[in-house]
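Peer 1:
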Amino acid sequence: MTWLPGVLADWRTRGGNSEIDLVLGPDPATDPEALTAFAASALAADRTAPPIAEVKPQLGKPGWSDPPDFEFHLLVCTGPRCAIHGAASFTHMLKEELKAAAVFDRCLTTRTGCIYPCNRGPVLALYPHGHWYRLPNRAAARRFVQTVLAGGGTADDLRFHTARAVRRDPSTNPEMTPQ
Ligand code: FES
């Protein structure tokens, strides 16, 4: 609700159909009755949500121009097979663990499509280390966050792959580079 009205307004002014009357309602995920109530109010023309036509067109926040300053890039697979292994809730739980270990602001967490080792899901790739991990449950995720990210150590039993560039030139791995 912060940025979507501006994006829709931008679409209206750039080749979208400006004749369509767009109004944003409440998130039905937070209230099962919300969609029905919103549809009824829209049909009765007694809306409380502002029409998109009154919103300034913009594609995002002004600050969305530069990458965040991060140390760890976590690529978390949410592809279809990892999803069956619980990847959707895994991402949420991982962010909780990052906050609890006070490393959330050092991480850029990106949800990806399938990155191939589906049978090991849920999987996560950590860069610039080039290490890939299988984190099957909360205990494993917590140990990964506390040991690898917060502690600067290793969790070899959770790691199942090292990227070719790091295998070929270990000095590219910050874990192996003398500080
Ligand atoms: S679906 Fe996650 S690795 Fe394929």
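The numbers in the working numbering rise by one with no breaks, and the one at position 122 of the sequence shown is 137. Cβ atoms here follow ideal geometry from the backbone N, Cα and C, with glycine treated the same way.
(1) Going by beta-carbon coordinates alone, are residue 147 and residue 175 separated by less than 8 Å?
(2) In the DSSP assignment, find the beta strand (DSSP E) that holds residue 129 and state where it starts and stops.
(3) Spatial neighbours of residue 136 within its chain, please: C-beta separation below 7 Å, excluding the five flanking residues on both sides.
(4) What separation, rounded to the nearest whole angstrom, lies between the Cα atoms of residue 134 and residue 128?
(5) Could you tell me if the beta carbon of residue 67 falls within a distance shorter than 7 Å of some heavy atom in the ligand FES?
(6) Residue 162 and residue 170 look like a contact to me (Cβ under 8 Å); what is the Cβ gap, rounded to whole Å?
(7) Beta-carbon distances below 6 Å to any heavy atom of the ligand FES define the shell here; list its residues in chain order, please.
(8) Between which two residues does the beta strand (DSSP E) harbouring residue 175 extend?
(9) Alpha carbon to alpha carbon, how far is residue 152 from residue 110?
(10) Take the Cβ of residue 55 as the centre, count every other Cβ of all protein chains shown within 10 Å, and call the residue buried at 16 or more, exposed below.
(11) What runs of the beta strand (DSSP E), each 3 residues or longer, lie entirely inside the stretch 138 to 176?
(12) Got a sec? Which residues, its chain only, sit under 7 Å from residue 73 by beta carbon, not counting five neighbours each side?
(13) To the nearest angstrom, report how far apart residue 71 and residue 144 are at their CA atoms.
(14) Nearest to residue 160 by alpha carbon, out of 131, 117, 142?
(15) Assuming residue 50 is part of the alpha helix (DSSP H), what are its boundary residues?
(16) Apart from the five residues just before and just after residue 173, which ones in its own chain have a Cβ nearer than 8 Å to its Cβ?
Peer 2: The relevant details are as follows:
(1) Cβ atoms of residue 147 and residue 175: closer than 8 Å.
(2) From DSSP, residue 129 is part of no beta strand (DSSP E); its letter is neither H nor E.
(3) Excluding residues within five positions, the ones whose Cβ falls inside 7 Å are 92, 96, 97, 100, 102.
(4) One C-alpha to the other measures close to 14 Å.
(5) Checking the Cβ of residue 67 against the ligand FES gives no.
(6) Under the criterion of beta carbons closer than 8 Å, residue 162 and residue 170 qualify as touching, at roughly 5 Å.
(7) Listed along the chain, these residues meet the criterion: 92, 94, 95, 96, 97, 129, 130, 131, 132, 133, 136, 138.
(8) It spans 174 to 177 - the beta strand (DSSP E) in which residue 175 sits, taken as one unbroken run.
(9) Rounded to the nearest angstrom, the two C-alpha atoms are 14 Å apart.
(10) Around the beta carbon of residue 55, a 10 Å sphere encloses fewer than 16 other beta carbons of the protein chains shown; the residue is thus reported as exposed.
(11) Those beta strand (DSSP E) runs which fall completely within the stretch 138 to 176 and span 3+ residues are 138 to 142, 146 to 149.
(12) Cβ contact annotation for residue 73 (same chain, cutoff 7 Å, sequence separation greater than five): 21, 25, in chain order.
(13) Distance between the alpha carbons of residue 71 and residue 144 is about 42 Å.
(14) Nearest C-alpha to residue 160: 117.
(15) Where residue 50 is concerned, the enclosing alpha helix (DSSP H) stretches over 49 to 58.
(16) Excluding sequence neighbours, residue 173 sits near 148, 149, 150, 155, 158, 159.
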